[in-house]
Amino acid sequence: MEHTLPAPDQSGLLQVAALRAQCEFIASAHADHRDQMRQALLAAFKKANQEGRERAKELLFQDGSGLACAARISWLQDQLISVLHDFALNHVFSAAMAPAESRITVTAVGGYGRGTLAPGSDIDLLFLLPAKPAPWSEPAIEFILYILWDLGFKVGHATRDIDECIRLSKSDMTIRTAILEARYLCGSQPLFDELGVRFDREIVKNTGPEFIAAKLAERDERHRKSGDTRYLVEPNVKEGKGGLRDLHTLFWIAKYYYHIKDPADLVRLGVLSKQEYKLFMKSEDFLWAVRCHMHFLTGKPEERLSFDIQREIAECLGYHAHPGLSAVERFMKHYFLVAKDVGDLTRIFCATLEDQQAKEAPGIVGVISRFRKRNRKIAGTLDFVEDRGRITITDPDVFRRDPVNLIRLFHIADLYGLEFHPDALKQVTRSLKLIKPAVREDAEANRLFLSILTSPRDPALILRRMNESGVLGRFIPEFGKIVAMMQFNMYHHYTVDEHLIRTVGVLSDIDQGREKTAHPLAYQLMPHIEDRVSLYVAVLLHDIAKGRPEDHSTAGARVARKLCPRFGLTPKQTELVVWLIEQHLTMSLVAQTRDLNDRKTILDFADKVQSLERLKMLLILTVCDIRAVGPGVWNGWKGQLLRTLYYETELVISGGFSEVSRKERAAFARETLYNALGDWSQKDRKTYSRLHYEPYLLTVSLEDQVRHQNFIRATDKAGQTLATMVRTDSFHAITEITVLSPDHPRLLAVIAGACAAAGANIVDAQIFTTSDGRALDTILVTREFQDDADETRRAGTIGKMIEDVLSGRKRLPEVIATRAKGRKRPKAFNVPPAVIISNTLSNKFTVIEIECLDRPGLLSEVTAVLSDLSLDITSAHITTFGEKVIDTFYVTDLLGHKVTNENRQGNIAARLKAVMANEADEVRDRMPSGMIAPVVQPAQRKPKVEQ
2 MEHTLPAPDQ SGLLQVAALR AQCEFIASAH ADHRDQMRQA LLAAFKKANQ
52 EGRERAKELL FQDGSGLACA ARISWLQDQL ISVLHDFALN HVFSAAMAPA
102 ESRITVTAVG GYGRGTLAPG SDIDLLFLLP AKPAPWSEPA IEFILYILWD
152 LGFKVGHATR DIDECIRLSK SDMTIRTAIL EARYLCGSQP LFDELGVRFD
202 REIVKNTGPE FIAAKLAERD ERHRKSGDTR YLVEPNVKEG KGGLRDLHTL
252 FWIAKYYYHI KDPADLVRLG VLSKQEYKLF MKSEDFLWAV RCHMHFLTGK
302 PEERLSFDIQ REIAECLGYH AHPGLSAVER FMKHYFLVAK DVGDLTRIFC
352 ATLEDQQAKE APGIVGVISR FRKRNRKIAG TLDFVEDRGR ITITDPDVFR
402 RDPVNLIRLF HIADLYGLEF HPDALKQVTR SLKLIKPAVR EDAEANRLFL
452 SILTSPRDPA LILRRMNESG VLGRFIPEFG KIVAMMQFNM YHHYTVDEHL
502 IRTVGVLSDI DQGREKTAHP LAYQLMPHIE DRVSLYVAVL LHDIAKGRPE
552 DHSTAGARVA RKLCPRFGLT PKQTELVVWL IEQHLTMSLV AQTRDLNDRK
602 TILDFADKVQ SLERLKMLLI LTVCDIRAVG PGVWNGWKGQ LLRTLYYETE
652 LVISGGFSEV SRKERAAFAR ETLYNALGDW SQKDRKTYSR LHYEPYLLTV
702 SLEDQVRHQN FIRATDKAGQ TLATMVRTDS FHAITEITVL SPDHPRLLAV
752 IAGACAAAGA NIVDAQIFTT SDGRALDTIL VTREFQDDAD ETRRAGTIGK
802 MIEDVLSGRK RLPEVIATRA KGRKRPKAFN VPPAVIISNT LSNKFTVIEI
852 ECLDRPGLLS EVTAVLSDLS LDITSAHITT FGEKVIDTFY VTDLLGHKVT
902 NENRQGNIAA RLKAVMANEA DEVRDRMPSG MIAPVVQPAQ RKPKVEQ
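Numbering (the working numbering), first residue to last: 2 to 948.
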């Protein structure tokens with residue numbers, strides 16, 4: 002689309018006259034040697050292009066204008082193509098004196114047609130042929146194209162006459178859009194003008210609604226493919242929601258429907274205000290700056306603003322860290338605010354469009370057709386009416402008369418299930434300054450908001466509309482601070498505001514019974530929650546203090562203490578919300594990083610929770626929080642851990658925890674196992690029921706104990722020393738691998754390394770030693786395939802890898818290194834290694850917790866170090882939060898005692914930090930030789946003391 006751009010500063014980009022003179026010299030110097038002429042021409046153009054783009058890059062860093070940079074590169078490209086066209090006609094095909102009616106036209110189309118070009122973008126060209134093309138026309142076009150290709154440009158091209166352009170435009174909307182944006186470069190100007198006249202007369206005339214409908218439908222499909230949110234933390238700057246393509250869509254519609262050549266004309270037509278037009282150009286300039294920097298930085302047409310480059314782009318654009326927010330987080334917040342502005346402009350533009358071309362269906366994406374407005378009164382209000390399923394305002398002064406109407410609009414829409422008319426949303430956006438302290442403190446406004454938040458319909462949808470229009474951030478300024486805020490990590494997929502709204506959506510789904518299968522316990526508990534309002538408020542506010550220097554749970558509790566009374570909550574409700582926000586991470590961390598079979602874990606957690614009502618609400622909040630982090634973060638295994646923690650804690654709080662001694666319970670469990678093996682011989686029942694120590698008997702279910710005994714007996718009968726057994730679990734999204742092997746000080750390290758080599762992500766490990774010196778280890782890995790047959794085959798491959806490594810058929814460091822080569826490491830992130838050693842979290846074990854950047858083979862290396870330090874690992878709990886891993890190990894010394902010596906604890910921490918800090922791309926060959934030796938007989942080690 003032709004529109005006015007800032008006049009590009011062409012100083013130093015290209016001396017056109019000098020290039021033309023150089024071309025003349027090349028033509029005369031190599032007149033008889035076409036190959037030499039071509040090579041000299043290529044060299045000259047390569048140098049001119051490279052120097053011109055380097056100068057454009059320098060100017061981008063100087064003035065920061067993305068639009069100017071895109072215009073400069075487009076201008077540079079124009080000159081290169083024009084000079085090349087003239088060279089071809091004058092010196093290669095001797096067509097300089099050809100009559101005007103036989104000349105071709107070179108036309109820029111697509112993004113290039115708009116006069117803007119990113120450093121790595123394709124160059125889209127239309128070669129327009131006259132009705133009677135000369136014999137040299139197509140060879141000349143080929144010559145131009147081959148030179149451009151040899152220069153390294155990606156050229157999208159078409160060669161057509163005007164009749165073909167018109168005919169194809171009627172049936173192909175992509176071609177129609179390309180010609181709409183066509184811009185003359187060189188060649189026959191009259192031919193280009195004729196195309197424009199015929200295109201307007203035969204294509205554009207009376208087809209505005211058809212074009213608009215097609216472009217908006219195309220936009221919606223593009224949004225759907227990209228996740229239908231502008232708040233993905235790795236957005237696509239070109240194609241994503243709120244990106245450049247959305248602005249381009251408005252360009253196309255404006256030019257097609259309003260017959261304008263410059264977006265500034267939209268102000269003259271009354272479509273946009275002067276302020277909105279400035280925002281339009283400011284948004285486009287920023288997005289172009291980001292895109293140009295991305296292309297320059299990566300050396301390719303990179304459109305996805307990935308974590309790998311966000312930090313460097315922030316630096317290029319001059320962002321600096323502030324307390325609580327890093328430079329990259331400030332940059333990304335600005336990006337998402339611009340994406341939001343693009344959405345606002347789209348609504349305003351479409352609202353004005355509807356004044357002339359009303360839609361047949363609700364929503365701004367429906368097919369546009371003319372019809373008379375038919376409004377219907379809405380019961381109980383004089384300020385709003387229904388217009389074909391959409392709520393709109395009766396007059397432009399509705400919000401000025403009563404600013405509470407800015408909240409009431411959304412309440413009524415929720416109450417009656419109405420969509421929003423673009424006219425209403427346009428007026429909302431233009432009336433945000435009316436939301437002042439008096440409105441925020443207004444009892445009716447807060448009552449309406451609380452009704453929206455706790456709605457039995459779709460509160461997340463209404464909250465999202467309130468957020469997109471700017472109302473939510475103005476009504477709750479604390480929420481406004483986290484609008485468009487991202488967290489620079491791989492764990493959170495959305496901005497903080499989008500995450501909070503999605504969390505409310507999950508809670509609503511549980512509340513309405515739509516998540517019965519996925520979250521059975523939360524579904525059962527929800528009807529028994531005595532205070533739904535407090536739960537909904539806590540869910541909305543739990544991350545509201547993100548981006549502050551202090552801990553966001555503590556700061557969020559302070560915010561809640563201020564907001565809850567304003568919302569109309571009682572002091573008791575306020576304290577409940579405050580507690581839930583303070584503790585909103587506790588249940589997740591305990592469930593995923595602690596041994597839930599350790600009674601001290603449950604007692605400590607119960608002491609913190611204290612009441613069943615709090616326990617229920619914290620469980621539901623935790624589920625909603627994890628679910629709303631992003632796709633693939635929640636799985637059934639996490640759900641099972643939370644359910645186990647809930648049920649065990651419920652027993653303690655209700656006084657049902659068994660007081661029977663551990664020894665008595667273990668004796669009963671052994672007898673129960675003996676009886677469960679009733680179809681075995683008495684000798685086998687006695688032998689296999691006595692294989693296990695107390696920890697195994699008290700923590701493993703009877704069903705699994707029986708399964709294990711069958712596995713062990715079958716292995717013994719087969720005369721095997723080493724064996725694995727696999728079981729898939731689709732609901733919990735985990736796969737269980739049981740390993741029976743001669744015990745070995747570094748057995749878990751070897752198993753972890755084998756799993757890493759097979760690409761398996763371990764989430765939990767239970768380590769048991771039998772009375773005859775064998776190890777029975779249960780390893781849980783995340784599920785990869787939905788189909789059980791596929792997952793069983795994968796599990797078998799993992800089991801085979803474990804057996805191969807343990808038996809010495811494969812060498813562990815080599816297989817881990819091979820796996821590490823193929824895995825992209827999160828180089829953009831830095832997680833300082835941390836080690837916590839505690840003797841208060843368990844009565845029987847020392848608990849070692851590590852936190853660091855994840856990498857292939859890490860668990861294997863860490864467990865190897867623990868083994869080197871003569872520590873016996875009883876259980877391991879592996880939790881990954883994006884690029885960060887938190888691993889917890891329950892250990893004793895080889896005598897079964899806690900590690901209490903401070904010097905030894907310091908040595909353990911130092912050794913672990915050393916291995917965690919190793920960020921080499923390949924895992925070094927650092928494994929002790931004993932670790933990779935074939936395991937053919939039980940290791941000579943002191944038997945574990947019974948606990």
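For every residue, glycine included, the Cβ atom is placed at its ideal position computed from N, Cα and C. Bear in mind the structure is a predicted one, so any value in this text is a computation, not a measurement.
Item	Value
What's the gap between the Cα of G157 and the Cα of A179?	11 Å
Nearest-angstrom Cα distance between S370 and R21?	Caution is warranted here: a pLDDT of 38 is assigned to S370, below 50, making its placement in the model unreliable, and the coordinate value is therefore given only provisionally. So the two alpha carbons sit approximately 53 Å from each other.
From F332 to G243, what distance separates their C-alpha atoms?	16 Å
Please report the straight-line C-alpha distance between L118 and T889, rounded to a whole angstrom.	52 Å
Note down, in chain order, each residue of its chain lying with its Cβ closer than 6 Å to the Cβ of G325, except the 5 sequence neighbours on either side.	G548, R549, P550
Rounded to a whole number of angstroms, what is the C-alpha to C-alpha distance between A561 and I74?	51 Å
Note down the Cα distance separating R719 from R810, rounded to an integer number of angstroms.	Correcting the residue type first, residue 719 is Ala in the shown sequence and not Arg. Their backbone Cα atoms lie some 20 Å apart in a straight line.
Just tell me which of L586, M527, T729, P120 has its CA closest to the CA of K609.	L586
Roughly how many angstroms separate the alpha carbons of N904 and P528, rounded to a whole number?	53 Å
What distance in whole Å lies between the Cβ atoms of I874 and T864, which are believed to be in contact at a cut-off of 8 Å?	6 Å
Keeping to the same chain, check which residues put their C-beta closer than 7 Å to that of K206; ignore five residues upstream and five downstream.	none
Using the C-alpha atoms, what's the distance from E387 back to V399?	15 Å
In three-state terms, what does DSSP make of E516?	coil
Do you know how far the Cα of L77 is from the Cα of L419?	51 Å
Using the DSSP secondary-structure output, state which residues sit across from Y891 in a beta bridge.	V848, S876
Considering F46, what are the terminal residues of the alpha helix (DSSP H) in which it resides?	35-64
Could you work out which residue in E165, E211, L85, K216 is closest to L152 when comparing CA atoms only?	L85
Is the beta carbon of H422 closer than 8 Å to that of I463?	no
In chain order, which continuous runs of the beta strand (DSSP E) of length 3 or greater are located wholly inside the region 168-236?	184-188
Go ahead and pull the three-state DSSP assignment for Q767.	strand
Does the region 99-113 come within contact of the region 48-65, defined as at least 3 CB pairs closer than 8 Å?	no
Among all the DSSP beta bridges, which residues are the ones paired with L130?	D162
When DSSP labels each residue in this structure, what does D922 get in the three-state scheme?	Note that D922 scores 37 on pLDDT, short of 50, meaning its location in the model is unreliable; the coordinates nonetheless yield the value given after this. Three-state result, D922: coil.
Could you tell me the boundaries of the beta strand (DSSP E) in which R281 lies?	For the record, residue 281 in the displayed sequence is Phe; it is not Arg. Here F281 belongs to no beta strand (DSSP E); instead the alpha helix (DSSP H) covers 275-299.
Please go through the same chain and pick out, in chain order, the residues whose beta-carbon is closer than 8 Å to the beta-carbon of E330, but skip the five residues on each side of it.	M486, M487, Q488, F489, G548
By the 10 Å Cβ neighbour count, where 16 or more other Cβ atoms means buried, how is M98 classified, buried or exposed?	exposed
Fully enclosed by the region 551-609, which alpha helix (DSSP H) runs are 4 residues long or longer?	553-568, 572-583, 587-594
With DSSP collapsed to three states, give me the class of P438.	helix
Taking just the CA atoms, how far does R458 sit from I799?	46 Å
Once you ignore the five residues that flank S307 on each side, which residues in its own chain have a CB closer than 6 Å to its CB?	E235
Quick one: Cα of H296 to Cα of D788, how far?	40 Å
In three-state DSSP terms, what is F712?	helix
Quick check: the region 276-294 against the region 375-382, are there 3 or more CB pairs under 8 Å?	no
Let me confirm a value: G13 is counted as buried when at least 16 other C-beta atoms fall within 10 Å, else exposed. Which label applies?	exposed
Does the region 736-743 touch the region 846-861, meaning 3 or more C-beta pairs lie closer than 8 Å?	no
Tell me the DSSP secondary structure of A719 in three-state form.	coil
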